[in-house]
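Protein chains in written order, with our numbering: chain A, 1 to 287; chain B, 1001 to 1340. Step one of this worksheet: look at the structure below.
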C-alpha cells in the first residue's frame, strides 16, 4: 500500500514537470532556442495566479490569466531578444541568463522574498480503495493531462502545428516550402510561454511561491526534454512522469533532503546510455 | 559603414604613416600589460584596507573568468559547472587542511587533482557529442548536484550554515600571506597563474586546435585533431584552475557556504566574459573590472546591481557580441589599415 501511495504521489508531481517540459520542448527542442528564463515564466505565472486569487476571482480565472500573461511576455521577449539570436544557440543562452538576473531580482524587489501560498480550489483529501489522495493533486493531474492532450492535438492536427513540426525537422526546408519562419517562431514561443504560465499556476496551487522558485522546475524541464529526446512531446511527458516517480520513491526510501538531486543523476546516467533520449528525437552527431 | 569604405586599401595611407600606425597598433597589447602590472602593484604604494580588499575580490573573479575563458572562449564549449569546481576547491582545501593537517601549498595541488578527476568523469559523457547543449545541461545538473551535496552532507561540510575557515596560507618563499595585503598577493598570484596557463595554451598547437574545434568540429576532425580529447582537456584544465582559485577563496573570505557553488555564480562569470570579450586574453580582466569594480564604486544596492548587470548582458549580446576587448581589437585593426 505504501508503495502504491508513493507511486501515485510521484505521478501527480510528475504531471507538473511534464507541463514545464512541454514548454521547453517546444521552445528548445523544436525551435532550438535555449531559453533559461523559462523557469522565470513559471515563477511569474505562479505570482499572477496568487494576485488573481487574492483579488477574490478564484482559481479558474487565475489559470487563464497566468497563461495569457505569460503568453504575452513570451511574445514580447521573442520580438525584442530571441528573434535576434536565432542564428546562434549560445548567444540566445547568454541573453536568457541576463534575463534571469533582471526578472528574478526585479521580482524579489517587487514581491518581497517571503513565500506566498493561495488556497487551492479543491481543499482536503479523499479516500479511494484504502489510499489517501489530495483532491488538489488529482485536479492538477487531470488538468495536466488535458493540457498535454490539447497541445499534442494542436501539433498533430492543425495547419500551424504541422508548420511547427516541419520547422523542427529542417528550418531551411520549411522556409523553402513557404512557411513564414518568423511568424511560426513567434507562435511557438507564445505557446511555450503560456504552458510555462500554466505550470506556474499549478505549481503555486501545490507549493509555496517565492521569487527564487524557478531554478528547480527549469532544470527539470531541460532534463526531461533531453531525457525524452529533443523535440519529442510524448517523450517529454513520459520522462516527466518517470522523474516524478523516481523523486517520490527516492525521497520516500532514500533521503528526502536530496529530492532535487535524483533527476540530475537520472540525466547523467541517461545521457551515458541513451544519448538520443528515450524517444529518439533528433540525433546528435558524434565527431 | 559602407562597403566601399571597408574595401579601401591600406595603401591609401602614406607609407610612413602606415608604418607608424602599425607600430602603435602592435604596442596596444604591451600597453595593456603595463596597465595590468600597474593595477596589480598598486597596493605596494598604499591604498586603504577597503581598496586592497576590493582588489582581492576583483583579482579572484578575473582569475576565475580567465580560467573559464579556456573552455568557453577558446574551445567554444559551454560549461556551466565553473562555480561548482570553485566551491569544490574551497571545500576540499579547507577540509584537507583542517582535518588532515596538510600544508596549504600541498592542499592546492591535491584539490586540483581531485577536481581534474571529477571533471574528466563528468566531461566525457557530455563531450562525446557535438552541439554543446549536452555539456551545458550536464554541467548545470552537476553543479546543482554538488551544491545539494554540500548543503546536505552535514557531517563533512557543516551543511547550509557553511564553514568557518581559521587558517591562513603558509608563507610563499618568504612572502607572508596572512595579512590583508598578503591575501591580495595570493589572489593576484592566482590571476597571474591563470593568465600564464591561458597564454601558453593560446600560443600552442593545442590552443590553435581548440579554436579549430570551436569553429567547426567536423573540419577539425578532418585535420587530424582529436576533437573529444581536445574538448575534454580544455574542460579539465579550466575546472582544475577553478579549483585552484577556490583554494585561495577559503582563507580570503574565512567563510565558505554551499551558496558558493550556485549556478548564479557561473552565470555572472559568463556575463563577465561576454562583457569583456569572449576568447580574448584581456576580456576576462576588463570584464571583471567593469562588472565588479564599477558597481562597487558607485555603491548601488546589490539587488539593483544585478538587475543592471542583467540588462547589460542582454544589451551586449544583442549589440556588441564581441565584448569590450573584441570591439577594441577590431577598432585597432581598422585604424591600422587606415579605415575609419
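Backbone N, C-alpha and C fix where the C-beta goes; we use that ideal spot for every residue, glycine too.
Inspect the beta-carbon positions of residue i and residue j and report whether they are closer than 8 angstroms.
i                       : j                       : result
residue 1088 of chain B : residue 1115 of chain B : yes
residue 1258 of chain B : residue 1164 of chain B : no
residue 1036 of chain B : residue 1285 of chain B : yes
residue 1255 of chain B : residue 1272 of chain B : no
residue 34 of chain A   : residue 49 of chain A   : no
residue 1325 of chain B : residue 1277 of chain B : yes
residue 1235 of chain B : residue 1210 of chain B : no
residue 45 of chain A   : residue 190 of chain A  : no
residue 1323 of chain B : residue 1316 of chain B : yes
residue 115 of chain A  : residue 59 of chain A   : no
residue 105 of chain A  : residue 1306 of chain B : yes
residue 1045 of chain B : residue 1181 of chain B : no
residue 204 of chain A  : residue 69 of chain A   : no
residue 160 of chain A  : residue 7 of chain A    : no
residue 1335 of chain B : residue 1110 of chain B : no
So with CB distances below 9 angstroms, who are the chain B contacts of residue i?
i                      : result
residue 257 of chain A : 1148, 1151, 1152
residue 268 of chain A : 1122, 1125, 1126, 1138, 1141, 1142, 1145
residue 260 of chain A : 1144, 1145, 1148
Between the options, which lies nearest to residue i when the distance is taken from Cα to Cα?
i                       : options                        : result
residue 29 of chain A   : A:5, A:198, A:238, A:165       : A:165
residue 19 of chain A   : A:251, A:218, A:258, A:83      : A:218
residue 152 of chain A  : A:236, A:13, A:5               : A:236
residue 1279 of chain B : B:1309, B:1122, B:1321         : B:1321
residue 1194 of chain B : B:1239, B:1097, B:1119, B:1083 : B:1239
residue 269 of chain A  : B:1137, B:1204, B:1190, B:1046 : B:1137
residue 1056 of chain B : B:1308, B:1245, B:1268, B:1337 : B:1245
residue 103 of chain A  : A:147, A:129, A:39             : A:39
residue 98 of chain A   : B:1183, B:1078, B:1270         : B:1270
residue 1177 of chain B : B:1201, B:1261, B:1248, B:1033 : B:1248
residue 95 of chain A   : B:1312, B:1332, B:1265         : B:1312
residue 267 of chain A  : B:1172, B:1145, B:1077         : B:1145
residue 1049 of chain B : B:1184, B:1156, B:1309         : B:1184
residue 83 of chain A   : A:27, A:116, A:108             : A:27
residue 93 of chain A   : A:213, A:69, A:37, A:118       : A:37
residue 242 of chain A  : A:272, A:25, A:17              : A:17
residue 1117 of chain B : B:1032, B:1017, B:1243, B:1070 : B:1243
residue 238 of chain A  : A:79, A:150, A:14, A:2         : A:14
residue 1341 of chain B : B:1191, B:1274, B:1296, B:1228 : In this structure chain B extends from 1001 to 1340, so residue 1341 of chain B is not present and cannot be described.
residue 1120 of chain B : B:1274, B:1237, B:1032, B:1327 : B:1237
For residue i, write down the residues that DSSP places opposite it in a beta bridge.
i                       : result
residue 116 of chain A  : A:209
residue 125 of chain A  : A:134
residue 1163 of chain B : B:1256
Name the chain B residues that come within less than 8 angstroms of residue i, Cβ to Cβ?
i                      : result
residue 35 of chain A  : Here the premise fails: no neighbours, minimum Cβ distance about 12 angstroms.
residue 195 of chain A : Neighbours of residue 195 of chain A on chain B: none; closest Cβ ~20 angstroms, over 8 angstroms.
residue 105 of chain A : 1303, 1304, 1306, 1307, 1310
residue 164 of chain A : None at all; the shortest Cβ gap to chain B is about 20 angstroms.
Under 8 angstroms between beta-carbons, which chain A residues line up against residue i? List them in chain order, please.
i                       : result
residue 1263 of chain B : 215
residue 1313 of chain B : 94, 95, 97, 98, 101
residue 1078 of chain B : 90, 93
residue 1270 of chain B : 94, 97
residue 1267 of chain B : 97, 100, 101
Give the interface partners of residue i over in chain A, defined as CB-CB distance under 7 angstroms, in chain order.
i                       : result
residue 1082 of chain B : Neighbours of residue 1082 of chain B on chain A: none; closest Cβ ~13 angstroms, over 7 angstroms.
residue 1229 of chain B : Going along chain A, no residue has its Cβ under 7 angstroms from residue 1229 of chain B, so there is no contact; the nearest lies around 11 angstroms.
residue 1321 of chain B : 91
residue 1274 of chain B : 94
Could you name the residues of chain A that residue i contacts, counting a contact when the two beta carbons are closer than 9 angstroms?
i                       : result
residue 1318 of chain B : 80, 81, 84, 85, 91, 95
Can you pull the chain B residues whose beta carbon is under 7 angstroms from the beta carbon of residue i, in chain order?
i                      : result
residue 272 of chain A : 1125
residue 222 of chain A : 1137
residue 226 of chain A : 1137
residue 219 of chain A : 1140, 1141, 1144
Within the stretch 179-234 of chain A, ranges of the alpha helix (DSSP H) (whole runs, at least 4 residues) = Qualifying alpha helix (DSSP H) stretches, in chain order: 181-206, 215-228.
Which full runs of the alpha helix (DSSP H) of 4+ residues lie inside the stretch 1195-1219 of chain B, going along the chain?
-> Taken in chain order, the complete alpha helix (DSSP H) segments of 4 or more residues contained in the stretch 1195-1219 of chain B are 1205-1215.
What runs of the alpha helix (DSSP H), each 4 residues or longer, lie entirely inside the stretch 1259-1291 of chain B?
-> Every unbroken stretch of the alpha helix (DSSP H) spanning 4 or more residues and falling wholly within the stretch 1259-1291 of chain B is given here in chain order: 1263-1276, 1283-1288.
Alpha helix (DSSP H) segments (min. 4 residues) lying fully within the stretch 18-42 of chain A | Correct list: empty.
Of all the beta strand (DSSP E) runs that stay within the bounds of the stretch 1009-1077 of chain B, which reach a length of 3 or more residues?
-> For the stretch 1009-1077 of chain B, there is no continuous beta strand (DSSP E) assignment of 3+ residues that stays within its boundaries.
Quick one: complete beta strand (DSSP E) runs, 3+ long, within the stretch 80-114 of chain A?
-> Counting only runs of 3 or more residues that sit fully inside the stretch 80-114 of chain A, no beta strand (DSSP E) segment turns up.
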